[in-house]
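What follows is a single structure, written as structure tokens, with notes after it.
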Amino acid sequence: MIRIFFEGLILGLSAGIYCIGACLIFFMPYLLVEGARKVFENLKKILSFLLGRLIAYIAFALIVSFIGLLYQNIFTTRFSHICLIAASLLMLIYSLAYNFKDSGFCAGRVKGFGLMRIPFFLGLFTGLNPCPPFLVGAARLWTLDNIPGGVIFFVAFFLGTSVYMIPLIFISYLNKSERIKRIGLMVALISSLWFLFVGISGLIR
Amino acid sequence: MRKPLLISAAFFFILFILLSIFSFISAGNSSPLFYPKIIWSFVVAFLGFCIYRSGTISKYRSILFILTAFFFLLEFKLFRADTTPPYCHIALAPTLLNFVYSQYLALTSGDWRLWGALTLGFLWLLIILTIGQGICSWVCFYGGIDEACSKIAKRPLVKLKIPGRWRDFPIAFLIFLLTASFLQGLPFFCNWFCPFKLTEAFWDTHPATRTAQAVLFWSALAGFVIILPILTKKRTFCSFICPFGALASICGNVSPYRMTINEARCIQCGKCQDVCPAFAIEDKNSKEYKISSFCNKCGKCIDACPVDAINIFTKQAGQAIDTRDIFVFLSLLVAGVISGSFIPRLFLQLTGVR
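Laid out in structure tokens, this is it:
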């Protein structure tokens, strides 16, 4: 078990910067818009995002370990693309509602998003993003044939990749002006549209 | 401001001498190449003479800028002898690691002047440090195509009113491109969005993805480079898409040259805002006009201002010094050197000497 743990940790540490890139493209614009001036406030949002990722990883490890090799393609292709579409849609609706928050219809939605724990859901959906490090981890899972081992492997993988999230705490120093927030919203809009396209084309292929 | 004949001639002479020295060094042992280089140096210096003598920046700058873009298109996309055209000089490798390796090869082979995208990037940074965002309207060999299209109609057929906040879109696009390129290890902009590549070499092999790339390419080219500039007389691709322009607007702030409106002189006629092709002049409730960091110092607003309220200044010890002539001279020098590295070769190719 210790060996499996370190295997996951090293995979997370070595490929984590790439893995974070996949999550960052959704989460960084969100933090640019919503990030608080206080580091502690940002930490809460990041922990919420990480919790979403952790749950996604554990659930993935459990389900895949139970089901086994037979349906592996469904989880690494279709299911992860559906999660990518869900994350994209979440960010798309969020950025559109925020862009048009002056209209009566969107103002209520923006308030709703405040209550929705967006970081958690973003973490949950992007956790199952079909990025290469995640697929490498999934491939290792097929060969383990061990349910607790699979969970430990992905928890360690999560810890390894989470190290790269630490700098995000300081993003609040960037969003001091309305202009930066506006740019963050635009990045969210472009990213969500792009990954919506990637997710849909992934499902079609 | 018009300069006397003698001073204009002095500027012409110095510029011609400097460009000729560059021609002499860069031509090396190739004597046939030296003569077209000298001719091109003369053309650039003569356009500089016209700017100083007439006091009109934009008209003659535009001629040089469009000629550079046109010849660049011919040389790099159609007539390049050592590669199979059409060819793109920026995205040389299909993946990030190949790209890094190509830079290594470029540097070690000594052919870095033409092949090293990183070394070209370094050159770009040096230019940014000197003339700042001016690169977008004096040197950029793609911007000239946009500008040429914006010159076709005599007056704007459509008045484009876009909320000021969307002027920041290229910065957001740049952030997205950097993250996505890193994520995929691919030249993402070239693969998907660049309307100037004129090559299918970067397109995906999957038919559906290839079709999507083709649709994006043709719509970006037709919409933002041709149709919108013709209709609005604005450089819409440079203003709303180009990520290099966004980067120049950020890095260009280190350049000492600033386009500034003299508030005491300004009569708020709004002509500068109307003619600005880069949507870089912000209207503060029609009472005050402000030039944003997206200004690429094309000089149109200087020429259009009826009361000479706009000029290029450099701040020195709290004082604003008029540095318009120096800026124009530097920009012509940079534009002459960059264009002089490929246009004379094209002259030779077109005349059949080489």
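Quick note, the sequences are listed as chains L and P, same order.
Using my numbering, the letters of the first sequence map in sequence onto residues 38 to 242.
Using my numbering, the letters of the second sequence map in sequence onto residues -3 to 350.
Cβ atoms here follow ideal geometry from the backbone N, Cα and C, with glycine treated the same way.
Rounded to whole angstroms, what's the CA-CA distance from Ile184(L) to Ser102(L)? Just pull it up for me. Within the first sequence, the letter at position 147 stands for residue 184(L). Within the first sequence, the letter at position 65 stands for residue 102(L). Cα to Cα, the separation comes out at about 5 Å.
Let me confirm a value: Gly186(L) is counted as buried when at least 16 other C-beta atoms fall within 10 Å, else exposed. Which label applies? Within the first sequence, residue 186(L) is the residue found at index 149, counting from 1. Buried: at least 16 other Cβ atoms inside 10 Å.
Could you please tell me which residues of the segment 166 to 181 of chain P, in chain order, have their CB closer than 8 Å to any CB of chain L? Ile167, Ala168, Phe169, Ile171, Phe172, Thr175, Ala176, Phe178, Leu179
Give the secondary structure of Tyr285(P) by DSSP, where H, G and I count as helix, E and B as strand, and everything else as coil. In the second sequence, counting from the first residue as 1, residue 285(P) sits at position 289. Residue state, collapsed to three classes: strand.
Consult DSSP for Lys229(P) and reduce its assignment to one of helix, strand or coil. Working through the second sequence from its first residue, we reach residue 229(P) at position 233. Here Lys229(P) sits in coil by DSSP.
Straight-line CA distance for Pro81(P) to Pro28(P)? Residue numbering aside, residue 81(P) sits at position 85 when the second sequence is read from its first letter. Residue numbering aside, residue 28(P) sits at position 32 when the second sequence is read from its first letter. Confidence is the limiting factor: at Pro81(P) the pLDDT is only 49, short of 50, which leaves the residue's position unreliable and the question unanswerable from this model.
If you compare alpha carbons, which of Ile237(L), Arg177(L), Tyr94(L), Leu226(L) is closest to Ile130(L)? Sequence index remark: in the first sequence, residue 130(L) carries index 93 (1-based). Ranking Ile237(L), Arg177(L), Tyr94(L), Leu226(L) by Cα distance to Ile130(L) puts Leu226(L) first.
Closest Cβ-Cβ distance between Ser199(L) and chain P: below 8 Å? Locating residue 199(L) in the first sequence gives position 162, where the first residue counts as 1. Not closer than 8 Å to any Cβ of chain P, the Cβ of Ser199(L) fails to qualify, so no.
Please classify Met255(P): does DSSP put it in a helix, a strand, or coil? Numbered from its first residue, the second sequence carries residue 255(P) at position 259. Three-state result, Met255(P): strand.
When DSSP labels each residue in this structure, what does Ala313(P) get in the three-state scheme? Taking the second sequence and counting its residues from 1, one reaches residue 313(P) at position 317. Three-state DSSP puts Ala313(P) in coil, outside helix and strand.
Is it right to say Thr104(P) is buried, meaning 16 or more other beta carbons lie within 10 angstroms of its own, or is it exposed? As a working note, residue 104(P) is residue 108 in the second sequence. Result: exposed.
Quickly, what does DSSP pair Asn166(L) with across the bridge? List them, please. Sequence index remark: in the first sequence, residue 166(L) carries index 129 (1-based). Answer is none; Asn166(L) lacks a bridge partner.
Can you pull the chain L neighbours of Ala204(P), defined as C-beta to C-beta under 8 Å? Sequence index remark: in the second sequence, residue 204(P) carries index 208 (1-based). Simply Ser238, Ile241, Arg242.
Compare the C-beta of Ile203(L) with all C-beta atoms of chain P and state if any pair is closer than 8 Å. The residue given as residue 203(L) occupies position 166 in the first sequence. Not one chain P Cβ lies under 8 Å of Ile203(L).
Gly117(P) and Gly248(P) look like a contact to me (Cβ under 8 Å); what is the Cβ gap, rounded to whole Å? Residue numbering aside, residue 117(P) sits at position 121 when the second sequence is read from its first letter. Residue numbering aside, residue 248(P) sits at position 252 when the second sequence is read from its first letter. Incorrect: roughly 15 Å between the Cβ atoms, too far for contact.
Is the beta carbon of Leu242(P) sitting closer than 8 Å to the one on Gly140(P)? Along the second sequence, one-based indexing puts residue 242(P) at 246. Along the second sequence, one-based indexing puts residue 140(P) at 144. Reading off the sequence shown, one finds Ala at residue 242(P), where the question assumed Leu. No, the pair does not count as a contact, with Cβ atoms beyond the cut-off.
Nearest neighbour of Cys186(P), chosen from Ser288(P), Ser16(P), Trp199(P), Phe325(P) [CA to CA]: For the purposes of this step, residue 186(P) is taken as the residue at position 190 of the second sequence. The residue with the shortest Cα to Cα distance from Cys186(P) is Trp199(P).
Is Arg163(P) close to chain L? Criterion is C-beta to C-beta, closer than 8 Å. By 1-based counting over the second sequence, the position of residue 163(P) is 167. Not closer than 8 Å to any Cβ of chain L, the Cβ of Arg163(P) fails to qualify, so no.
Three-state secondary structure (DSSP) at Asp182(L)? For the purposes of this step, residue 182(L) is taken as residue 145 along the first sequence, with counting starting at 1. It is coil, neither helix nor strand.
Cutting at 6 Å between CB atoms, please list the residues of its own chain near Leu148(P), excluding the five before and the five after it. Along the second sequence, one-based indexing puts residue 148(P) at 152. Per the sequence shown, the amino acid found at residue 148(P) is Ile instead of Leu. So the qualifying residues of the chain are Ile226.
For Ser102(L), report the span of its alpha helix (DSSP H) as first-last. As a working mapping, residue 102(L) is identified with position 65 in the first sequence. That run of the alpha helix (DSSP H) goes 76 to 104.
From this set, Thr126(P), Ala300(P), Leu329(P), Pro273(P), which residue's C-alpha is nearest Ser288(P)'s C-alpha? Within the second sequence, residue 288(P) is the residue found at index 292, counting from 1. For Ser288(P), the nearest C-alpha among the options comes from Pro273(P).
Does the distance from the CB of Pro32(P) to the CB of Phe338(P) come in under 8 Å? Numbered from its first residue, the second sequence carries residue 32(P) at position 36. Numbered from its first residue, the second sequence carries residue 338(P) at position 342. Going by C-beta atoms, Pro32(P) is not nearer than 8 Å to Phe338(P).
Can you have a look at Asn25(P) and say buried or exposed, based on whether 16 or more other CB atoms are within 10 angstroms of its CB? Counted from its first residue, the second sequence places residue 25(P) at position 29. So Asn25(P) counts as exposed.
Anything in the segment 211 to 228 of chain L with a Cβ closer than 7 Å to a Cβ of chain P? List those residues in chain order, please. Arg216, Arg219, Ile220, Met223, Val224, Ile227, Ser228
Secondary structure at Pro81(P), three-state DSSP: helix, strand or coil? Here residue 81(P) refers to the residue found at position 85 of the second sequence. Note that Pro81(P) scores 49 on pLDDT, short of 50, meaning its location in the model is unreliable; the coordinates nonetheless yield the value given after this. In this structure, Pro81(P) counts as coil in the three-state DSSP scheme.
Determine the chain P residues that contact Ala175(L) at a beta-carbon separation under 9 Å, and present them in chain order. As a position in the first sequence, residue 175(L) is number 138, starting the count at 1. Neighbours of Ala175(L) on chain P: none; closest Cβ ~18 Å, over 9 Å.
Measure the beta-carbon distance from Thr52(P) to Pro152(P) and round it to whole angstroms, keeping in mind my assumption that it falls under 8 Å. For this step, residue 52(P) is matched to residue 56 along the second sequence. For this step, residue 152(P) is matched to residue 156 along the second sequence. Wrong, their Cβ atoms sit about 20 Å apart, outside the cutoff.
Can at least three beta-carbon pairs, one atom from the segment 87 to 96 of chain L and one from the segment 154 to 167 of chain L, be found at a separation below 8 Å? yes
Separation of Lys155(P) from Lys(-1)(P), as counted between CA atoms: Reading the second sequence from its first residue, position 3 is the one you call residue -1(P). Reading the second sequence from its first residue, position 159 is the one you call residue 155(P). The straight-line gap from Cα to Cα measures roughly 35 Å.
Can you pull the chain P residues whose beta carbon is under 8 Å from the beta carbon of Ala26(L), in chain order? Because chain L here runs from 38 to 242, residue 26(L) falls outside it and cannot be looked at.
Minimum C-alpha distance to Leu122(P) - residue among Asp270(P), Gly332(P), Ser251(P), Gly266(P): By 1-based counting over the second sequence, the position of residue 122(P) is 126. When each option's Cα is compared against that of Leu122(P), the closest is Ser251(P).
Decide if the segment 218 to 238 of chain L is in contact with the segment 121 to 130 of chain L; the criterion is three or more beta carbon pairs, one per stretch, under 8 Å apart. yes
Starting from Gln180(P) and walking both ways along the alpha helix (DSSP H), at which residues does that stretch end? For the purposes of this step, residue 180(P) is taken as residue 184 along the second sequence, with counting starting at 1. Gln180(P) -> alpha helix (DSSP H) spans 165 to 180.
Comparing alpha-carbon positions, which option in Phe190(L), Phe234(L), Leu46(L) lies nearest Leu99(L)? The residue you call residue 99(L) lines up with position 62 of the first sequence. It is Phe190(L) whose Cα lies nearest to the Cα of Leu99(L).
Within chain P, partners of Ile62(L) - CB distance below 8 Å: In the first sequence, counting from the first residue as 1, residue 62(L) sits at position 25. By Cβ distance, chain P contributes Phe172, Thr175, Ala176, Leu179.
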